[in-house]
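K.L.:
Questions regarding the structure given below will be posed in turn.
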Amino acid sequence: MVVPELRPWRAARPHVTRVANAVRPRLARAAGAVRPGLTRATDAVQPYLVRTVAAVKPQVTRLARMPRPEAVRTWQYTAGAATAGLALAATVATAAGPWDSSGQRTAERDRAVALERTGGTDHGGDSGTAAAGPRPAPSAPSVLTALGGGANTVKSAPTGQALAAVLGPLLGNTALGTRHTASVVDVATGKRLYGAGAGTALTPASTTKIATAVAALSALGADHRLVTRAALEADTKELVLVGGGDPTLTARADAEGWASLRELAEETATALKKRGITTVTLSYDKTLYAGSEIHPIGVNDNLAPVSALMVDEGRTDATASGPAPRTTDPAADATRTFARFLSDNGIRTTSPGPSKATGRAENLAEVLSPPLSALVERMLTNSDNDIAEALARQTAVAVKQHADFAGGGKAIRAQLKKLGLPLAGADFHDGSGLDRADRLTADLLTSLLVKAGDPDHPELRPALTGLPVAGFTGTLTSRYTDGAAGVVRAKTGTLTGVNTLAGTVVDQDGRLLAFAFLTSDTTDPGAAQSALDRTASALAACGCG
């Protein structure tokens, strides 16, 4: 039985892997260029490394001595493992440059030095993201102050008049179509600073995933895990693979911290052999979800059939994100793969078919997904439609709605209503935003972001930390490389004739702002995307207090 809560390194491993993967290509490209200056860079970094190790050492020592009672929550172990990993990460940064898990903190430190503020590290003002290098971002302390964590070092919030002067002409760009709405809110106070049709509901596209994230985190909690299990019907020797709705369950040899179908098969085979069983009737149970598995848009490479049992999101290639060919029957394919793994471990099976595990079935083994917080972050960073639809159904299950597309939409709305969010005009038909019948307002999107930053709702924070970082991660990796890289964190949304952008930005006065821009009837998606990027960059460059 896999119990990730008791394995801090396993919890930290996927993050370390992603850091290494992010650093590796940049290190390879940079090696030839930086070698002559490596000695100088090492000398410059050494004092910071020494201070980092000295600062981390007491926490690592306390962590090593700390008892690990069952009551301690998953995030505490994960945080401890991450703290211990800082010393390792520091050595990587020394050689490869100013990289961290998202690039955000590095950019903030760079900007602090550029503005001659305290608390930053000068890495030459170039993050290495593009040839020209993006301008670095405001310092981390100003962000914390905007959230209420520091002294009065941040100037007052921008005025509506000043924001209108900056944003109005940009939002009037004909590339943004015939209809557009906007909202800008001060995260620290929740006060709306600027609005243009902010209460008018438009098609939100993938910015819907912000609502899905907040609803799922609210209903289930950030530490919730999805369980995939193998159960044995003792009287019939039927082995049932029971899907728990985890789309990140993987059959790959390197699970990278996600739940592993291979591991489940190994542990199941061991349990069967202990009972003297080497041949079973194999079935699968996908009854956690209800209704049609096919999204209203039809069969599409952006989304597999929504099933409570699948591996690697039903992808038939080696990709882990983005559009890809999908299997037409994720549950059956997953079970056939499970049968191969069982065979590799000495267990013979029949050809699998659908079934339902009874209450008498004995659990032989199970694997757990990473915490819901990690699933939410992956969903937002990569705009992952499969995770989004899974989380909508998981929310429906949690609040006892029918676990189909309509029930997921009702559950999302119900959870947001409990949080007191403005739902006038909002309509949810799925969790991903692929359904063109979805409707959200700019006012709701900014309110979701503010709520996620509310100190009274720490369980919602992954809805912010999962947002792609401009110029660094996810769907914004290749955007803003000549502008507000590292400053803008935002969820994108694109359908034919629809372009949206919603997220957070730190302005030139160090104020943390939430923004949402929705447009309809666009004719050139590339031009519309660029126009929205320029608008967000202008907000970042605004010293409008």
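First residue of the sequence shown: 189, per the numbering used here; consecutive thereafter.
C-beta atoms are modelled at their ideal positions from N, C-alpha and C, and glycine is treated no differently.
#1: Let me know the secondary structure DSSP gives residue 493 once reduced to three states.
#2: Can you name, in chain order, every residue of its own chain whose Cβ lies under 8 angstroms from the Cβ of residue 158, other than the five neighbours on each side?
#3: Can you give me the C-alpha to C-alpha distance between residue 695 and residue 493, rounded to a whole angstrom?
#4: From this set, 419, 396, 723 and 672, which residue's C-alpha is nearest residue 543's C-alpha?
#5: Check whether the Cβ atoms of residue 563 and residue 579 sit closer than 8 angstroms, and answer yes or no.
#6: Taking residue 735 and residue 554 to be in contact with their CB atoms under 8 angstroms, please state how far apart those CB atoms are, rounded to whole angstroms.
#7: Using the C-alpha atoms, what's the distance from residue 377 back to residue 514?
#8: Whose C-beta lies closer than 6 angstroms to the C-beta of residue 470 among residues of the same chain, with five residues either side of it excluded?
#9: Kindly list the residues whose CB is nearer than 8 angstroms to the CB of residue 395, restricted to its own chain and excluding five residues on each side of it in sequence; keep chain order.
#10: Is it right to say residue 728 is buried, meaning 16 or more other beta carbons lie within 10 angstroms of its own, or is it exposed?
#11: Confirm, please, whether the CB-CB distance from residue 388 to residue 369 is below 8 angstroms.
#12: Anyone know if the C-beta pair for residue 475 and residue 535 falls short of 8 angstroms?
#13: Based on Cα-Cα distance, which residue from 362, 379, 361 and 383 lies nearest to residue 371?
#14: For residue 505 and residue 440, what's the separation of their Cα atoms in angstroms?
#15: Residue 609 to residue 648, Cα distance in whole Å?
#16: Could you give the distance in angstroms between the alpha-carbon of residue 615 and the alpha-carbon of residue 591?
#17: Please list, in chain order, all residues of the same chain as residue 716 whose beta carbon is under 8 angstroms from its beta carbon, the five residues on each side excluded.
#18: Taking the straight line between their C-alpha atoms, what separation do you get for residue 165 and residue 658?
#19: Ordered along the chain, which non-local residues of its own chain (more than five positions away) have a Cβ less than 7 angstroms from that of residue 490?
#20: What's the call for residue 676, buried or exposed, on a 16-neighbour Cβ count within 10 Å?
#21: Cutting at 6 angstroms between CB atoms, please list the residues of its own chain near residue 625, excluding the five before and the five after it.
#22: Label residue 503 either buried or exposed according to how many other C-beta atoms from any shown protein chain fall within 10 Å of its C-beta, with 16 as the threshold for buried.
#23: Can you name the residues that DSSP bridges to residue 679?
#24: Using the C-alpha atoms, what's the distance from residue 522 back to residue 449?
#25: Can you tell me the Cβ-Cβ gap for residue 433 and residue 524, rounded? I've got them flagged as a contact below 8 angstroms.
#26: With burial defined as no fewer than 16 other Cβ atoms inside 10 Å of the residue's Cβ, what is the status of residue 501: buried or exposed?
#27: Provide the residue span of the beta strand (DSSP E) that contains residue 374, from first to last.
#28: Of all the options 397, 422 and 392, which has the alpha carbon lying nearest to the alpha carbon of residue 576?
#29: Taking the alpha helix (DSSP H) that residue 658 falls in, what are its first and last residues?
#30: To which residues does DSSP link residue 417 through a beta bridge?
#31: Cβ of residue 723 within 8 angstroms of Cβ of residue 656?
#32: Exposed or buried, which one is residue 487 when buried takes at least 16 other CB atoms within 10 Å?
#33: For the beta strand (DSSP E) that residue 499 lies in, which residues bound it at each end?
#34: Please state if the CB of residue 431 and the CB of residue 755 are separated by a distance shorter than 8 angstroms.
#35: With C-beta atoms as the reference, is residue 411 less than 8 angstroms away from residue 560?
#36: Who does residue 539 pair with in a DSSP beta bridge?
P.N.:
Let me spell this out:
#1: If you number the sequence shown from 1, residue 493 lands on position 305. In the structure shown, residue 493 sits in coil (DSSP, three-state: anything other than H, G, I, E or B).
#2: The displayed coordinates of the chain run from 189 to 733. Any statement about residue 158 would go beyond what the structure contains.
#3: Position 507 of the sequence shown holds residue 695. Position 305 of the sequence shown holds residue 493. The alpha-carbon atoms of residue 695 and residue 493 are separated by roughly 42 angstroms.
#4: Translated into positions along the sequence shown, residue 543 becomes position 355. Of the candidates 419, 396, 723 and 672, the one whose C-alpha sits nearest the C-alpha of residue 543 is 419.
#5: Start at 1 with the first residue of the sequence shown, and residue 563 comes out as number 375. Start at 1 with the first residue of the sequence shown, and residue 579 comes out as number 391. Against a cut-off of 8 angstroms, the Cβ pair of residue 579 and residue 563 comes out as a contact.
#6: No statement about residue 735 is possible, as the shown extent of the chain runs from 189 to 733 and does not include it.
#7: The count along the sequence shown starts at 1 and reaches residue 514 at position 326. The count along the sequence shown starts at 1 and reaches residue 377 at position 189. Looking at the two C-alpha atoms, the distance is approximately 45 angstroms.
#8: Translated into positions along the sequence shown, residue 470 becomes position 282. Closer than 6 angstroms at Cβ, skipping near neighbours: 427, 527, 537, 538 and 540.
#9: Translated into positions along the sequence shown, residue 395 becomes position 207. Closer than 8 angstroms at the Cβ level, and outside the excluded window around residue 395, lie 621, 628, 633, 679, 680, 681, 688, 689, 690, 704 and 706.
#10: For the purposes of this step, residue 728 is taken as the residue at position 540 of the sequence shown. The residue is buried, with at least 16 neighbouring Cβ atoms inside 10 Å.
#11: Reading the sequence shown from its first residue, position 181 is the one you call residue 369. Reading the sequence shown from its first residue, position 200 is the one you call residue 388. In this structure, residue 388 lies closer than 8 angstroms to residue 369 by Cβ.
#12: For the purposes of this step, residue 475 is identified with residue 287 of the sequence shown, where counting begins at 1. For the purposes of this step, residue 535 is identified with residue 347 of the sequence shown, where counting begins at 1. Going by C-beta atoms, residue 475 is not nearer than 8 angstroms to residue 535.
#13: The residue you call residue 371 lines up with position 183 of the sequence shown. Comparing Cα-Cα distances from residue 371 to each of 362, 379, 361 and 383, the minimum goes to 383.
#14: The residue labelled residue 505 in the question sits at position 317 within the sequence shown. The residue labelled residue 440 in the question sits at position 252 within the sequence shown. Approximately 11 angstroms between the Cα atoms of the pair.
#15: On the sequence shown, residue 609 is found 421 positions in, with the first residue counted as 1. On the sequence shown, residue 648 is found 460 positions in, with the first residue counted as 1. If you take the alpha carbons of residue 609 and residue 648, they lie about 14 angstroms apart.
#16: If you number the sequence shown from 1, residue 615 lands on position 427. If you number the sequence shown from 1, residue 591 lands on position 403. When rounded, the distance between both Cα atoms is 17 angstroms.
#17: Within the sequence shown, numbered from 1, the residue matching residue 716 stands at position 528. Excluding positions up to five away in sequence, the list reads 363, 364, 365, 687, 707 and 710.
#18: No answer is possible for residue 165: it lies beyond the span of the chain, which begins at 189 and ends at 733.
#19: The residue labelled residue 490 in the question sits at position 302 within the sequence shown. Correct list, in chain order: 511, 573 and 622.
#20: Taking the sequence shown and counting its residues from 1, the one referred to as residue 676 is at position 488. Counting of Cβ neighbours within 10 angstroms places residue 676 among the buried residues, the total reaching 16 or more.
#21: Indexing the sequence shown from 1 puts residue 625 at position 437. Answer for residue 625: 617, listed in chain order.
#22: By one-based count along the sequence shown, residue 503 stands at place 315. The residue in question, residue 503, is buried, as its Cβ has 16 or more Cβ neighbours within 10 Å.
#23: By one-based count along the sequence shown, residue 679 stands at place 491. Looking at the DSSP assignment, residue 679 forms a beta bridge with 690.
#24: To locate residue 449, count along the sequence shown from 1; it is residue 261. To locate residue 522, count along the sequence shown from 1; it is residue 334. Whole-angstrom Cα-Cα distance: 9 angstroms.
#25: Within the sequence shown, residue 433 is the residue found at index 245, counting from 1. Within the sequence shown, residue 524 is the residue found at index 336, counting from 1. With 8 angstroms as the limit, residue 433 and residue 524 do not qualify as a contact, their Cβ atoms being about 19 angstroms apart.
#26: Mapped onto the sequence shown, residue 501 falls at position 313. Result: buried.
#27: Against the sequence shown, residue 374 aligns to sequence position 186. Counting along the chain, the beta strand (DSSP E) containing residue 374 begins and ends at 367 to 374.
#28: One-based indexing of the sequence shown puts residue 576 at position 388. With distances taken between Cα atoms, residue 576 lies closest to 397.
#29: Residue 658 sits at position 470 when you count from the first residue of the sequence shown. Residue 658 -> no alpha helix (DSSP H), and no H or E assigned at all.
#30: Looking up residue 417 in the sequence shown gives position 229. Paired residue(s): 430 and 554.
#31: Position 535 of the sequence shown, counted from the start, is the residue given in the question as residue 723. Position 468 of the sequence shown, counted from the start, is the residue given in the question as residue 656. No, the Cβ-Cβ distance between residue 723 and residue 656 is not below 8 angstroms.
#32: Residue mapping note: residue 487 aligns to position 299 of the sequence shown, counting from 1. Flag for residue 487 reads exposed.
#33: In the sequence shown, counting from the first residue as 1, residue 499 sits at position 311. Bounds of any beta strand (DSSP E) do not take in residue 499, whose DSSP letter is neither H nor E.
#34: Outside the modelled stretch of the chain, which goes from 189 to 733, sits residue 755, for which no answer is possible.
#35: Position 223 of the sequence shown, counted from the start, is the residue given in the question as residue 411. Position 372 of the sequence shown, counted from the start, is the residue given in the question as residue 560. Result yes, Cβ atoms of residue 411 and residue 560 sit closer than 8 angstroms.
#36: For the purposes of this step, residue 539 is taken as residue 351 along the sequence shown, with counting starting at 1. Residue 539 is not bridged to any residue.
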